[in-house]
Amino acid sequence: MFSLKKILLLLSVFATLTLTAQQDSTQVKDVKVKGTIKVNPDNIDPLRPSKAAFYSAIFPGLGQIYNKKYWKAPIVWGAMATSIYFYVDNNKAYNRYRTAFKLREAGLQDEFTKDDGSLLISRNGLISAQKTLKSNRDLSLLTTVVFYVLQIVEASVNAHLLQFNTSDDLSFSPTMISNPINYEIPKFGLSFTYNF
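Take a look at the structure:
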């Protein structure tokens with residue numbers, strides 16, 4: 212448990228923190244602009260995220276191509292193809308063992324029984340193989356669906372974030388701010404300012 216001194220110290224540290232946020236540009240009055248303001252309407256398209264999501268839903272990877280992130284499309288195709296391959300492979304093996312189990316239960320010869328009547332796989336082995344392969348098949352199907360949904364979400368989010376004007380000027384500059392009301396005791400604190 213925290214002692215009372217630690218709690219008071221943490222509260223005093225949090226009380227001294229000053230966070231300033233970006234001010235709303237609609238509140239600015241009497242601003243004079245020198246020159247002309249150039250707005251590029253091609254950068255702002257409110258339907259771009261929904262178009263990217265729609266294209267990705269139609270064909271996986273097409274939303275990434277629409278966003279001009281061509282290197283992401285083969286990753287999407289590879290992930291989808293791998294999970295579909297494992298689904299088909301596990302389903303094929305499951306059907307083999309299921310057919311063999313049904314034949315054996317009907318008293319007929321299956322592919323895991325030799326001509327002399329000896330068994331390559333026991334009845335319990337067939338049951339166990341069916342359970343494992345069915346579980347793997349269902350997991351592969353779930354993985355395919357998850358990859359499909361994730362690539363749609365990724366294309367939409369990426370299209371949304373591409374419209375933001377970002378700057379490479381990320382800097383940290385410490386400043387000293389004096390208190391104009393109380394000059395008696397120097398105070399120390401921490402202030403974070405984010406400018407966008």
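Under our numbering, read the sequence shown as residues 212 to 407, first letter to last.
Note that the Cβ used here is the ideal one computed from N, Cα and C, for glycine as well.
Bear in mind that the values here come from a model prediction, so they are computed numbers and not experimental data.
Complete runs of the beta strand (DSSP E) confined to the region 259–308 [at least 3 residues]: Taking only runs of at least 3 residues, no beta strand (DSSP E) segment lies wholly in the region 259–308.
N- and C-terminal bounds of the alpha helix (DSSP H) containing residue 349: 334–372
Sequence-distant residues of its chain with Cβ nearer than 6 Å to residue 266 (five each side left out): 273, 274, 277
Backbone secondary structure at residue 330 - three-state DSSP: strand
Validate contact between the region 353–371 and the region 277–288 using beta carbons, cut 8 Å, 3 pairs: The region 353–371 and the region 277–288 touch, with no fewer than 3 CB-CB distances between them shorter than 8 Å.
Assigned secondary structure, residue 312 (DSSP; H/G/I helix, E/B strand, else coil): In the structure shown, residue 312 sits in a helix (DSSP, three-state: H, G or I).
Three-pair Cβ contact test at 8 Å for the region 367–376 versus the region 326–342: Contact between the region 367–376 and the region 326–342 is absent, because fewer than three Cβ pairs lie under 8 Å.
C-beta contact flag for residue 291 and residue 343 at 8 Å: no
Contact check, residue 341 vs residue 308, beta carbons under 8 Å: yes
Neighbour-count burial assignment, residue 301, 16 or more Cβ in a 10 Å radius: When all chains shown are included, residue 301 counts as buried.
Any non-hydrogen atom of the ligand ADP closer than 7 Å to residue 281 Cβ: With respect to the ligand ADP, the structure offers nothing, as it holds no ligand at all.
Buried or exposed (CB count within 10 angstroms, at least 16 for buried), residue 408: Residue 408 lies beyond the stretch modelled for the chain, which goes from 212 to 407, so this question has no answer here.
Straight-line gap, residue 262 to residue 374 (C-alpha atoms, nearest Å): 14 Å
Buried versus exposed, by CB contacts within 10 Å (16 or more), residue 270: Under this definition residue 270 is an exposed residue.
Residue 321 classed as buried or exposed, judged by whether at least 16 other C-beta atoms fall within 10 angstroms: By the 10 Å Cβ count, residue 321 comes out buried.
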